[in-house]
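If you count the sequence shown from 1, position 181 lands on 181 in UniProt numbering, and the numbers rise without skipping.
Every residue, glycine too, gets a C-beta built ideally from N, C-alpha and C.
Since the structure is predicted, the reported quantities are computational estimates derived from the model, not experimental observations.
Here is the structure we will look at, set down as structure tokens.
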Amino acid sequence: MTGFGVPRDAYGEVLAELGENRKDIVVLDADLSSSTKTSSFGKKFPDRFFNIGIAEQNMIGISAGLATTGKTVFASSFAMFAVGRVYDQIRQSIAYPKMNVKIVATHAGITVGEDGVSHQMIEDLSLMCALPHMKVIVPADTFETKKTIRGISLEKGPTYVRLGRSKVPNVFESEDEIKLGKVSQLVDGNDVTIIASGIMVSKSIEAAKKLKSEGISAGVLNLSTIKPIDRDGIIKAAKKTGCVVTAEEHNIYIGMGALVSSILSEEYPVPVLRCGIRDTFAQSGDYELLMNIYNLTSDEICKLSKKVITMKK
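Rendered as structure tokens:
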């Protein structure tokens, strides 16, 4: 891992860069541009930036309308408001007609900390993955965030990108080594495969190091594109190690781990254990404290890895 970065800062930077040559790009925000970092685009291109105010449903409706005119639309707010508050509008006006709208949400998961349960969105992946036509991506660090935003700006159709609030360790060294849409092997291992997304990728790398010191060889996969999911990459990893642990900052009831489990149950059944929010609302508090309270830690991944290894046939 190479230093730290804030993915939402990376989002703002790339948006402003893209705006220089891409006159088709327009950006909308729901009165949170200084937090989502779309303000970087707004300052450079005020004629293509629209602050809709605290009217998220209207933001999605306007985004759909702009997309019908050939615009590439980026719409942002906190994940709770960009998804939970406007699900109906996303379903009817963006996903169903396949509008070219990129919903890039920040402040996802419990790492919004002190903002509390009203702002802690831990159901968004299940909602967005359930929508036909919707692509869903959870970048692991700032480099992958930049690569993702550049990539989706060139594609047609609806996309949901999930970003957090906090700084995270950079698990990549540059954008050049990232291949979008495929699981990426960050650590090689033979005893257990750890499949992670978002902030939990760095936690999984930490866990692999701890397990190595105990003589356990753990592989770590970054699964950033949740939909369409890389079935072949997941199956290949499961065949190599014979067991899997998933790690996500999301409700495990229907999250990335559930998707991985469903694929393996159909294609190559192996033991799978999941690290994530265990179907509960979180409390308000310092985000590092919350990560410990809800067992989103490298130690928990180690514990699950040791357990799942014993479950192999």
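- Taking the CA atoms as reference points, E288 sits about 22 Å from T145.
- Judged by pairs of C-beta atoms under 8 Å, the stretch 268-280 touches the stretch 232-249, as three or more such pairs exist.
- Exclusion of the five residues before and after Q120 leaves I110, V112, A282 as the residues of its chain whose Cβ lies within less than 6 Å of its Cβ.
- When rounded, the separation of the alpha-carbon atoms in E266 and S40 is 45 Å.
- Counting only residues of its own chain and dropping the five nearest sequence neighbours on each side, L223 has a CB closer than 6 Å to the CB of V183, I195, S197.
- N295 and S93 have their C-alpha atoms some 37 Å from each other.
- Per the DSSP secondary-structure output, Q185 pairs in a beta bridge with L221.
- Inter-residue distance for L66 and R150 is about 20 Å (C-alpha atoms, whole angstroms).
- Its Cα nearest to that of E300, the residue K203 stands out among K203, G285, E214.
- Three or more Cβ pairs drawn from the stretch 157-176 and the stretch 133-143 lie within less than 8 Å of each other, which places the two stretches in contact.
- Counting every other CB atom within 10 Å of its CB across the protein chains shown gives M311 a total below 16, marking it as exposed.
- Here DSSP, grouped into helix, strand and coil, assigns P139 to coil.
- Classified as buried, K102 has 16 or more neighbouring CB atoms from the shown chains inside 10 Å of its CB.
- By the Cβ rule, the stretch 49-63 does not count as touching the stretch 3-16, because fewer than three pairs are nearer than 8 Å.
- Here I54 is exposed. Its C-beta has fewer than 16 other C-beta atoms within 10 Å.
- Residue nearest to R162 within the set A75, D176, A237 is A75 (criterion: CA-CA distance).
- With contacts defined by Cβ atoms closer than 7 Å, V270 and S261 do not form a contacting pair.
- With fewer than 16 other Cβ atoms inside 10 Å of its own Cβ, G70 counts as exposed.
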